[in-house]
Amino acid sequence: MLKTALKRREVFRNLERNLQTIKETVRKLDPHVEVYLFGSTPEKRHTYSSDIDVLIITEKEPARVHFELWKAGIKDPFEIHVQPREKLHLYRRKAKLVKA
15 MLKTALKRRE VFRNLERNLQ TIKETVRKLD PHVEVYLFGS TPEKRHTYSS DIDVLIITEK
75 EPARVHFELW KAGIKDPFEI HVQPREKLHL YRRKAKLVKA
């Protein structure tokens with residue numbers, strides 16, 4: 015458990031670098047992609063047991079996006095939500111979105 019907490023602490027400390035990796039990876043698939051953070055992380059309410067919610071707006075196949083991010087090393091604690099543009103309004107209604 016301590017090992018997991020220490021790993022997550024490093025992920026949170028390097029959040030900007032990890033977000034940059036996410037953006038670069040998904041832009042290779044779709045140059046028009048939009049990437050947002052939501053949930054406890056952008057609201058500064060997260061703990062080391064929190065996940066990092068990332069919304070990716072693209073028309074690309076979600077499985078492909080997840081696979082490419084996995085290959086780039088984006089794993090736990092990232093919770094990746096891949097949605098088409100027409101679903102963006104649903105997330106805006108439920109959460110505060112912060113463009114990454």
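Going from the sequence shown to the working numbering is simple: count from 1 and add 14. Yeah, the Cβ is synthetic: ideal placement off N, Cα and C, and Gly gets one too. Nothing here was measured: the structure is a model prediction, and the numbers come from that model.
Close-in-space but distant-in-sequence residues of the same chain around residue i (CB under 6 angstroms, 5 per side omitted)
i, result
"residue 72", "44, 47"
"residue 65", "91, 93"
Pair within 8 angstroms by beta-carbon distance, residue i and residue j
i, j, result
"residue 80", "residue 26", "no"
"residue 96", "residue 52", "no"
"residue 33", "residue 109", "no"
Collapsed DSSP secondary structure at residue i in the structure displayed
i, result
"residue 50", "strand"
"residue 131", "No answer is possible for residue 131: the residues shown for the chain start at 15 and end at 114."
"residue 86", "coil"
"residue 38", "helix"
"residue 74", "coil"
"residue 62", "coil"
"residue 18", "helix"
Sequence-distant residues of the same chain with beta carbon closer than 7 angstroms to residue i, five excluded per side
i, result
"residue 41", "47"
"residue 19", "62"
Bridge partners - residue i, DSSP secondary structure assignment
i, result
"residue 95", "69"
Same chain, Cβ closer than 8 angstroms to residue i, five either side skipped, listed in chain order
i, result
"residue 23", "62"
"residue 103", "none"
"residue 87", "35"
Rounded straight-line distance, which links the Cα of residue j to that of residue i
i, j, result
"residue 39", "residue 82", "7 angstroms"
"residue 89", "residue 21", "11 angstroms"
"residue 56", "residue 98", "22 angstroms"
"residue 37", "residue 106", "20 angstroms"
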